[in-house]
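So the sequences go chain by chain: A and B.
Residue numbers for the first sequence, in my numbering: 76 to 188.
Residue numbers for the second sequence, in my numbering: 67 to 179.
Glycine included, each C-beta is placed from N, C-alpha and C at the ideal position.
No experiment lies behind these values; they were computed from the predicted model shown.
Down below is the structure, laid out as structure tokens.
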Amino acid sequence: LAKTTQPISMDSYEGQEVNITCSHNNIATNDYITWYQQFPSQGPRFIIQGYKTKVTNEVASLFIPADRKSSTLSLPRVSLSDTAVYYCLVGEDSGAGSYQLTFGKGTKLSVIP
Amino acid sequence: DTAVSQTPKYLVTQMGNDKSIKCEQNLGHDTMYWYKQDSKKFLKIMFSYNNKELIINETVPNRFSPKSPDKAHLNLHINSLELGDSAVYFCASSQVAGTGQSTFGSGTRLTVV
Chain A
76 LAKTTQPISM
86 DSYEGQEVNI
96 TCSHNNIATN
106 DYITWYQQFP
116 SQGPRFIIQG
126 YKTKVTNEVA
136 SLFIPADRKS
146 STLSLPRVSL
156 SDTAVYYCLV
166 GEDSGAGSYQ
176 LTFGKGTKLS
186 VIP
Chain B
67 DTAVSQTPKY
77 LVTQMGNDKS
87 IKCEQNLGHD
97 TMYWYKQDSK
107 KFLKIMFSYN
117 NKELIINETV
127 PNRFSPKSPD
137 KAHLNLHINS
147 LELGDSAVYF
157 CASSQVAGTG
167 QSTFGSGTRL
177 TVV
């Protein structure tokens, strides 16, 4: 399973754009890059997923360079409610419809008023 | 309308007891998982079931036994509870042949005293 490395914590002011970068040097050809958000006392929540280039949804954008050895989650104009832990992970297809996620330590984002 | 629901939310029990955590999903997903999040917030997969069949069984003590009566339910039974079993346990589900977009429950905080 590919290992991921991301900053332990980040601070940002409200209204700013936040970019969280994750490195995954040994990502496999079939691996997707997925980001989850976790609030205290809640389960992780899927944010965005990509394989290469750029993916955008209503919540965030995900930038993946051609070599796929890193990825950047971009949160536009963060608010206090975006304070959470963000996990970057690459998964492995375990067969029979099962996809194994390996969570790292995550990045604790603190949004400051 | 909860997509993945776990019961109970909190569980406090003595060492040596046997306890169960129930999980149900109403998303029509074929694959369900159990994850464990320890005190350091590391989230690690324990089991994966696809259509009631065990797919992944990570290095977990055999005191932990998952039971899947149907594809919408995946219960976790733990025998002879130990202090080290104290953690938050998350149930999750994903679509067949999914690519990592799992939906997590809100967790069960197990405290063994």
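When rounded, the separation of the alpha-carbon atoms in P74 (chain B) and A138 (chain B) is 17 Å. Selection B:T174, B:N123, B:S134 evaluated against D96 (chain B) yields B:S134 as nearest (Cα-Cα). The alpha-carbon separation between P188 (chain A) and L155 (chain A) amounts to approximately 7 Å. Look at the beta carbons and you see the region 166 to 175 of chain B touching the region 115 to 123 of chain A: at least three pairs across the two are nearer than 8 Å. Contact annotation: in the region 127 to 140 of chain B, no residue has its CB less than 9 Å from a CB in chain A. Here Y126 (chain A) has Y107 as same chain residues with Cβ atoms under 6 Å from its own Cβ, once five neighbours each way along the sequence are excluded. With the rule of 3 Cβ pairs closer than 8 Å, the region 82 to 92 of chain A counts as touching the region 138 to 156 of chain A. Under the criterion of beta carbons closer than 8 Å, M85 (chain A) and T182 (chain A) qualify as touching, at roughly 6 Å. Within 9 Å of the CB of K180 (chain A), the CB atoms of chain B belong to K106, K107, F108, in sequence order along the chain.
If you draw a 10 Å sphere on the C-beta of N128 (chain B), you find fewer than 16 other C-beta atoms in it, and that means exposed. For G118 (chain A), a Cβ of chain B is located within less than 8 Å of the residue's own Cβ.
In this structure, the CA atom of D104 (chain B) is about 16 Å from the CA atom of V179 (chain B). Listed as beta-bridge partners of S136 (chain A) by DSSP are A:T131, A:S149.
Listed by position along chain B, the residues whose Cβ is nearer than 9 Å to that of Q81 (chain A) form an empty set, because the closest Cβ is around 13 Å away. Counting only runs that start and end inside the region 85 to 133 of chain B, the beta strand (DSSP E) elements of at least 3 residues fall at 85 to 91, 97 to 103, 109 to 116, 119 to 123. The shortest C-alpha to C-alpha distance from E148 (chain B) to any of B:D84, B:V70, B:N117, B:Y76 is the one to B:D84. DSSP places A138 (chain B) in no beta strand (DSSP E); its state is neither H nor E. Under the three-state reduction of DSSP, S154 (chain A) is assigned to coil, being neither helix nor strand.
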